[in-house]
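J.:
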Amino acid sequence: MVFLDIQLDVEGNFIQEIVAEGEMFRWYFTIKCNSCNEQFENEIYFTELEEVEMQGSRGVAHFGATCKNCKRWGYITLHNSSAKKLRLEGGHGKGTFATFDCRGIEIVKWEPHNQLVGIAEESETKFQEMDLSDLPWCDYDEKTQNNVEIEKFEQEIVRNKNLK
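Taking the numbering used here, the leading residue of the sequence shown gets 1347, the next gets one more, and so forth.
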């Protein structure tokens, strides 16, 4: 079992928070098998509401699949301590966005797929379905009459050394 964090580094203007909102938020990933290092052909996704029984265990996970190459099972569970949000201060935010318990599977890349919600400074206006694949992202906050922007959105998948 390994715990993996999605680390974000974000820069923007007039935005205070980026959020993965609600239990129906779909987590899309590119993954690989820990046993044979074979990368899965298709992107996978799951929500917090999904439960899959783990083979040979009484536990449950949010996602489970077998590797086509070595036929071993792997599972991913969103860790219950995950913040699922990143706060920006002074136009910059850096830190852990979410943590996943991975067993037999390793996350290679996270794909937000226009599902993140941005919350504007001062007015707390919510901007739904932000497309951060083509930066800069920009929208207009009518309440404060400001252009809300995200100029930098970088992610990294790192091992969490604090959880065991």
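Backbone N, C-alpha and C fix where the C-beta goes; we use that ideal spot for every residue, glycine too.
Fair warning: this is a prediction, and the values are worked out from it, not measured in the lab.
Alpha carbon to alpha carbon, how far is T1412 from Q1385?
T.: Distance between the alpha carbons of T1412 and Q1385: 12 angstroms.
J.: Have a look at the DSSP bridge pairing and note the partners of N1492.
T.: Paired residue(s): D1487.
J.: Give me the residue from E1488, I1503, E1502 and E1495 with the minimum Cα distance to I1364.
T.: Cα-wise, what sits closest to I1364 is E1495.
J.: Within 10 angstroms of the Cβ of M1476, are there 16 or more other Cβ atoms? Answer buried if so, exposed if not.
T.: Burial call: buried.
J.: Decide if the stretch 1443-1457 is in contact with the stretch 1348-1357; the criterion is three or more beta carbon pairs, one per stretch, under 8 angstroms apart.
T.: Yes: the two stretches touch, three or more of their Cβ pairs being nearer than 8 angstroms.
J.: Answer yes or no: do Q1362 and E1435 have a C-beta to C-beta separation smaller than 9 angstroms?
T.: Yes, the pair counts as a contact, with Cβ atoms nearer than the cut-off.
J.: Please report the distance separating the alpha-carbon of S1403 from that of K1378.
T.: Between S1403 and K1378, the C-alpha separation is close to 22 angstroms.
J.: Please check the pair D1355 and K1430, which I expect to be a contact at CB under 8 angstroms, by giving their CB distance rounded to whole angstroms.
T.: Going by Cβ atoms, the distance from D1355 to K1430 rounds to 17 angstroms, so no, they are not a contact pair.
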